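Enquirer:
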Amino acid sequence: MNTFDDTYHDLMRKIKSEGSYKDDRTGTGTYSLFGHQMRFDLKEGFPLLTTKKVLFKMLATELIWFIRGDTNIRFLLQYNNNIWNEWAFKNWVESAEYEGPDMTDFGRRALEDASFNETYKKEMTRFKNKILEDDAFAEKYGDLGNVYGKQWRHWQGPDGSFTDQLKNVVESIKKNPDSRRHIVTAWNPAEIDGMALPPCHAFFQFYVNDGKLSLQLYQRSGDVFLGVPFNIASYALLLELVARECGLEAHEFIHTLGDAHIYTNHMDAVNEQLARESFSPPKIKIKGNRSMFELEYEDFEVIDYESHPYIKAPIAV
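Under the numbering used here, the first residue of the sequence shown carries the number 764, and numbering increases by one thereafter.
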């Protein structure tokens, strides 16, 4: 098994053997442990997991969305990226303007009731089309509030001024590589209530040594089966981008998790993945010379990615 998949599998096994049952805000229930760290050395390849297919297009377009400071799902839907749909959809179906079938607890019901699932899919399709075609609707129901992109690029201080954290950290790495302040935080206490979802990957820090750049992420909460594989690859890609921007070699991505959990309704999927053997990890290529702040999805190329099939599991909203 390659070291990337092995490291991730070790976390899932640890939660299965040592995790405590906990209730959670979604009402689903989790097996959880607190405090875990994984390390991924990028000289071995790119940590896109191979024991299930991880959709690179989804994580790459989401990362571009963050980097651009965007918070509206319209950009994502233009790439058929549905990662954030449920949170925006929830705001719409719970609004006074929604006129349609009852969508209460739609995530669970769509899995358990085939008839409801068909209704849900029709409503979601209608919602997505309205986001793409209706500017006013997209502005009102497509925006997720002060989520990651807003905090990375337009952090608002108590005096009302704005800080571009991401551009500042890139300049800091270039001008003062030995600084211990190469930090970006998405956790803005004053704006948590204005976010569709408080940031799970809340805080990251860069470290320069011997011409190499490393990145450590602190993630307060990690959905280990569905979310964490995306987080691993997304922040590894961010490390590659910032290293390239600063003329450094991408070295190590360190992923520190607070509450690392597996939802109770993901256990069968976890067992299916743990039974699989991995393939060799792929490589990532960033084409052209454009700045990371100007990149398009088409500038990325994943080389030699071989994986087992995708494994479906319900998302807890």
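Yeah, the Cβ is synthetic: ideal placement off N, Cα and C, and Gly gets one too.
This structure is a prediction, so every number in the text was calculated from the model and none was measured.
Would you decide whether Ile955 is buried or exposed? Buried here means 16 or more other CB atoms lie within 10 Å of its CB.
Expert: So Ile955 ends up on the exposed side.
Enquirer: Pairing CB atoms from the region 827 to 834 with CB atoms from the region 1049 to 1061, are three or more of them under 8 Å?
Expert: Yes, the region 827 to 834 touches the region 1049 to 1061.
Enquirer: So if DSSP puts His799 in a beta bridge, which residue, or which two residues, is it bridged to?
Expert: According to DSSP, which records beta bridges pairwise, His799 is partnered with Leu1020.
Enquirer: Within the same chain, show all residues whose beta-carbon is closer than 6 Å to that of Asn844, passing over the 5 residues directly before and after it, in chain order.
Expert: Closer than 6 Å at Cβ, skipping near neighbours: Met821 and Thr824.
Enquirer: I'd like to know whether the C-beta atoms of Ala965 and Ser795 end up nearer to each other than 8 Å.
Expert: No, the pair does not count as a contact, with Cβ atoms beyond the cut-off.
Enquirer: What runs of the alpha helix (DSSP H), each 4 residues or longer, lie entirely inside the region 959 to 1029?
Expert: Whole alpha helix (DSSP H) segments, 4+ residues: 991 to 1009.
Enquirer: Going by the beta-carbon positions, is the gap between Val1005 and Met1055 smaller than 8 Å?
Expert: It is a contact, given that the beta carbons lie within the stated cut-off.
Enquirer: Quick check on Asn880: does DSSP put it in helix, strand or coil?
Expert: Helix, per DSSP.
Enquirer: For Lys816 versus His1071, is the C-beta spacing smaller than 8 Å?
Expert: Cβ distance < 8 Å, so Lys816 and His1071 count as in contact.
Enquirer: Look up Gly782 in the DSSP assignment and say whether it is helix, strand or coil.
Expert: It is coil, neither helix nor strand.
Enquirer: Under a three-way DSSP split, which group does Lys1048 fall into?
Expert: In this structure, Lys1048 counts as strand in the three-state DSSP scheme.
Enquirer: With a threshold of 8 Å between beta-carbons, can Tyr883 be considered close to chain D, or not?
Expert: Here chain D cannot be found, since the structure has a single protein chain.
Enquirer: Once the 5 residues before and after Phe838 are set aside, which same chain residues still bring their CB inside 7 Å of it?
Expert: Cβ within range, chain order: Trp828.
Enquirer: Which value, in whole angstroms, describes the spacing of the CA atoms of Asn854 and Leu805?
Expert: Approximately 39 Å between the Cα atoms of the pair.
Enquirer: Apart from the five residues just before and just after His1017, which ones in its own chain have a Cβ nearer than 6 Å to its Cβ?
Expert: The sequence given here places Ile at residue 1017; His does not occur at that position. Around Ile1017: Arg802 and Gln979.
Enquirer: In its own chain, which residues sit with a C-beta less than 7 Å from the C-beta of Lys937, not counting the 5 before and 5 after it?
Expert: Cβ neighbours of Lys937 beyond the five flanking positions: Cys1009.
Enquirer: If you drop the 5 nearest sequence neighbours on each side, which residues of the same chain put their C-beta closer than 7 Å to that of Asp906?
Expert: Thr834 and Asn835, listed in sequence order.
Enquirer: Please go through the same chain and pick out, in chain order, the residues whose beta-carbon is closer than 8 Å to the beta-carbon of Met775, but skip the five residues on each side of it.
Expert: Around Met775: Val987, Phe988, Ile1025, Val1033, Gln1036 and Leu1037.
Enquirer: Taking the alpha-carbon positions, what's the Arg889 to Asp897 distance?
Expert: Whole-angstrom Cα-Cα distance: 11 Å.
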